[in-house]
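In mature numbering (1 follows the signal peptide of the UniProt record, and there is no 0), the protein residues as written are -21 to -1, 1 to 103. Glycine residues also receive a C-beta, built at the ideal position from the N, C-alpha and C atoms. Predicted model, so just to flag it, every value in this text is computed and none were measured. In what follows, a structure is listed as structure tokens, so that the remarks can point back to it.
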């Protein structure tokens, strides 16, 4: 009986250490993975910047796709599923237009709706 009383606390302490070691293992494993991903992201952005610097373009270089175009409004959307909505400048010119890429079944309808809502004269 005395032997089982002394073995039980020892067994409990041993199992507690094993559990603690197990959690430290997982904590370190996830921490290492997180640091590795952050390093890859930094390396990826510097590779992108180096590639952007090496692209030869005498006109406008689209920041998201690195396409060389005549004007910013000619830039394509970065994702194939995006819909390109061209928003004219204040004079209605498309030369200095803004491009908004959107998704969904409404296409540019929601963008146009928001533009109309934002351009209404304010009531006094």
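{"Check": "Buried/exposed call for residue 64, threshold 16 Cβ in 10 Å", "Outcome": "buried"}
{"Check": "Residue 37 burial status per 10 Å Cβ neighbour count (16 or more: buried)", "Outcome": "exposed"}
{"Check": "Whole-number beta carbon distance between residue 81 and residue 62, since they are thought to touch under 8 Å", "Outcome": "5 Å"}
{"Check": "CB contact flag (residue 76, residue 57, <9 Å)", "Outcome": "no"}
{"Check": "is_contact[residue 60, chain B] using C-beta, thresh 9 Å", "Outcome": "Note that chain B does not occur in the displayed structure, where there is just one protein chain."}
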